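Novice: First residue of the sequence shown: 25, per my numbering; consecutive thereafter.
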Amino acid sequence: MQKPKLISLVLLRKLLTAAIFSIAFVALFSVPHIVPSSKDHKFNDKFPTTKNLQSWTQELAPPHLSKTLLHTSKLNGSKRDSNYEKLWKPPSNRGFLPCTKPTPNYTAPVESRGYLLVHTNGGLNQMRSGICDMVAVARILNATLVIPELDKRSFWQDTSNFSDVFDEEHFIDSLANDVKIVKNLPNELVNETRMVKQFISWSGMDYYENEIASLWEEYQVIRASKSDSRLANNHLPPDIQKLRCRACYEALRFSPHIEQIGKLLVERMRSLGPYIALHLRYEKDMLAFSGCTHDLSLDEAEELRIIRENTSYWKVKDIDPVEQRSRGFCPLTPKEVGIFLTALGYPSNTPIYIASGEIYGGESHMAELRSRYPLLMSKEKLASVEELEPFLNHASQMAALDYIVSIESDVFIQSYSGNMARAVEGHRRFLGRGRSISPDRKALVRLFDKLDQGTMTEGKKLSYRIIDLHRRRLGSPRKRKGPISGTKGMDRFRSEETFYANPLPDCLCRTEPSLQNISHIAQ
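Structure, rendered in structure tokens:
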């Protein structure tokens, strides 16, 4: 009796084992095989890709944003759309790749002749380019660069220090083979007499190697009182130009807390599908400085005039707003941007990130743009109050968040060619990133005026005219533009395309990648 029972028990055990194995086998091959996206979007690191919108909105989105994202989860999320080629496809890089490796004759920093102090001036992007120029100037002068002081006295009254905005340690370490950089002057030189000098704008090698370098004979410390546009755009040695690119695109990255929130904003925009970053220069300071009052009330125009009159370091006070606009010197209004985007063919459900400070007049001036494009997002809408709180009252840090989202956008559009627009366009050119559209404001004003006068209506004719105007303004690689013919003196330099708006040919090379040291942005 025992033997049959034992056999039955063994058979039962084998049957149970086989059943368990079968269930596990089926479960294993029922799990979908997820393949990572082949697209590697980089800024200073890889951005995570969101696969599950429902999960993302529950876990990451601030409460005030979740409903909006869920409601729009089905809107234009696919780049397989038939309009992708026309609206979103990046221009060809035509074989150009970053090439910032020094030439074979480049050497490590020689013995320092003294210390260079730098007081930067302007907003974030003006300071950013100025810092990179001062790295190159320090190299030319054989100087030790002291970490630059950020502008705390400009219109924005931002108290941020260098380390609040930029990764200080990375900046010092990355440029160790180019320039010696220290955080502070040595104690024995703090009270030493120093030469305070405002370097001449757009100066070349001769000026720095002769006139400025001669100051080392009397002083151990030279202080540059301004940093904007103090180095020529062109006709500098290749190693100096490449050093400017290494400083700008590799060494000068944002501080970790800015990078973290910036990447989070990018992820949240990407969850809506391909997006436009719109640098909408319609802040109070911009309009006051430029004297542009189109579509503003008389009271608003007078308020801006008073601001301009009372801002001592703005030299031009009497501005004709009509002439200013007709010459293309005014930013597009939010209403005009809406007409422009519609004419280009972007549908009303296109997600748009507004990269700007506080829009003058608020919703009263944004209403027409919002009626065309309801999905207008901003850092204030994408981030929770708690996430954004550390950056409030710090204009440079807030601008840095806009910079990151703009660099990573599928399309970047600027309403005015200011410092940020030029910096973002140049950085995107360097990275070979997506479309960057620079509106022809002078030509567009004539078309917009015809709409206002009733001699033209929105439709195919207007769309054709606007699309035709901008076929060659999508950010494709091209050589940096020189001065406008006939200009002289400082106006000649002022008319050039700036170095950081277009680092080609100095830092973008059309050669085999294997022959170049392709300097990666994600360090």
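Cβ coordinates follow ideal geometry from the N, Cα and C atoms, glycine included.
Source: prediction; values computed, not measured.
Span of the beta strand (DSSP E) holding R459?
Specialist: First-last of the beta strand (DSSP E) with R459: R459 to I461.
Novice: In chain order, which alpha helix (DSSP H) runs of at least 4 residues are fully inside the segment 180 to 231?
Specialist: Complete alpha helix (DSSP H) runs here, min 4: 186 to 189 and 192 to 198.
Novice: Hey, would you say R329 sits closer than 8 Å to W338, going by beta carbons?
Specialist: The answer is no: Cβ separation not under 8 Å.
Novice: Throw me the rounded Cβ distance for the Y306 and P358 pair, which I believe falls under 8 Å.
Specialist: With a Cβ gap of about 6 Å, Y306 and P358 count as contacting.
Novice: Looking at the strands, I want to know which residues DSSP matches up with C533.
Specialist: Its beta-bridge partners are L121.
Novice: Could you tell me the distance, in whole angstroms, from the CA atom of T522 to the CA atom of L475?
Specialist: T522 and L475: Cα-Cα distance of roughly 34 Å.
Novice: Please go through the same chain and pick out, in chain order, the residues whose beta-carbon is closer than 7 Å to the beta-carbon of L486, but skip the five residues on each side of it.
Specialist: Answer for L486: A367, L471 and M480, listed in chain order.
Novice: Taking the alpha helix (DSSP H) that T366 belongs to, which residues open and close that run?
Specialist: Start and end: P358 to L368.
Novice: Quick check: the Cα distance between N258 and P122, rounded to an integer number of angstroms?
Specialist: Each residue's alpha carbon lies about 18 Å from the other.
Novice: Could you pull out every residue in the same chain whose Cβ sits closer than 6 Å to the Cβ of R247, ignoring the five residues on either side in sequence?
Specialist: Hits under 6 Å: L141, R218 and V220.
Novice: Using beta-carbon positions only, say whether A379 and H303 come within less than 8 Å of one another.
Specialist: Contact flag set, yes.
Novice: Residue ranges of each beta strand (DSSP E) run of no fewer than 3 residues wholly in the segment 295 to 334, ordered along the chain?
Specialist: Correct list: 300 to 303.
Novice: Taking just the CA atoms, how far does A424 sit from F190?
Specialist: In a straight line, the C-alpha of F190 is about 9 Å away from that of A424.
Novice: Buried or exposed: T183, going by 16 or more other Cβ atoms within 10 Å of its Cβ?
Specialist: So T183 counts as exposed.
Novice: Is there contact between the segment 342 to 351 and the segment 409 to 425, where contact requires at least three CB pairs shorter than 8 Å?
Specialist: Result no; under three Cβ-Cβ pairs closer than 8 Å.
Novice: Check whether the segment 258 to 277 touches the segment 381 to 397, counting contact only when three or more Cβ pairs, one atom from each stretch, lie closer than 8 Å.
Specialist: No contact exists between the segment 258 to 277 and the segment 381 to 397.
Novice: Helix, strand or coil for R104 per DSSP?
Specialist: Its pLDDT being 49, under 50, R104 is placed unreliably by the model, and nothing is read from it.
Novice: Is it the case that the Cβ atoms of K188 and S251 are separated by a distance below 8 Å?
Specialist: In the sequence on display, residue 188 carries Asp and not Lys. Going by C-beta atoms, D188 is not nearer than 8 Å to S251.
Novice: From what residue to what residue does the beta strand (DSSP E) around G138 run?
Specialist: Segment G138 to V142, the beta strand (DSSP E) holding G138.
Novice: Any idea if V203 is buried or exposed, counting beta-carbon neighbours within 10 angstroms, 16 or more meaning buried?
Specialist: Result: buried.
Novice: Relative to the C-alpha of I300, which candidate in G315, A407 and P375 has its C-alpha closest?
Specialist: With distances taken between Cα atoms, I300 lies closest to P375.
Novice: I'd like to know whether the C-beta atoms of Q421 and I282 end up nearer to each other than 8 Å.
Specialist: It is a contact, given that the beta carbons lie within the stated cut-off.
Novice: With contact counted as at least three CB pairs below 8 Å, one residue from each stretch, are the segment 431 to 438 and the segment 454 to 466 in contact?
Specialist: In short, these stretches touch, since the Cβ pair count reaches three.
Novice: State the beta-bridge partners of L498 as determined by DSSP.
Specialist: Bridge partners of L498: none, in fact.
Novice: Could you pull out every unbroken alpha helix (DSSP H) segment of at least 4 residues lying fully inside the segment 463 to 488, listed in chain order?
Specialist: The qualifying runs are 465 to 477.
Novice: For A200, count the other beta carbons within 10 Å of its own beta carbon; 16 or more makes it buried, fewer makes it exposed. Which is it?
Specialist: It counts as exposed.
Novice: In chain order, what residues of the same chain lie with their CB nearer than 6 Å to the CB of G315, ignoring the 5 residues before and after it?
Specialist: Within the same chain, G315 has close Cβ partners I343, P345 and Q348.
Novice: Classify L276 as helix, strand or coil using the three-state DSSP reduction.
Specialist: If DSSP states are grouped into helix, strand and coil, L276 belongs with coil.
Novice: If we count the other Cβ atoms within 10 Å of its Cβ and call it buried at 16 or more, is G286 buried or exposed?
Specialist: The residue in question, G286, is buried, as its Cβ has 16 or more Cβ neighbours within 10 Å.
Novice: If you count every other CB in all the chains shown that lies within 10 Å of the CB of T144, and 16 or more means buried, which is it?
Specialist: Buried, because 16 or more other Cβ atoms sit within 10 Å of the Cβ of T144.
Novice: What is the DSSP secondary structure of L260, counted as helix, strand or coil?
Specialist: Correct three-state label for L260: coil.
Novice: Pull up the CB-CB distance for V170 and E216, whole angstroms please, since I reckon it's below 8 Å.
Specialist: About 13 Å separates the two Cβ atoms, so there is no contact after all.
Novice: Using the beta-carbon count (16 or more within 10 Å), is Q181 buried or exposed?
Specialist: With fewer than 16 other Cβ atoms within 10 Å, it is exposed.
Novice: Would you report the Cα separation of G442 and N149, rounded to the nearest angstrom?
Specialist: Straight-line Cα distance between these residues: approximately 9 Å.
Novice: Verify the contact flag: F313, CB atom, against every heavy atom of the ligand MG, threshold strictly below 7 Å.
Specialist: Ligands in the displayed structure: none, and consequently the ligand MG is not present.
Novice: Please say whether G450 and Y377 have beta carbons closer to each other than 8 Å?
Specialist: Cβ atoms of Y377 and G450: not closer than 8 Å.
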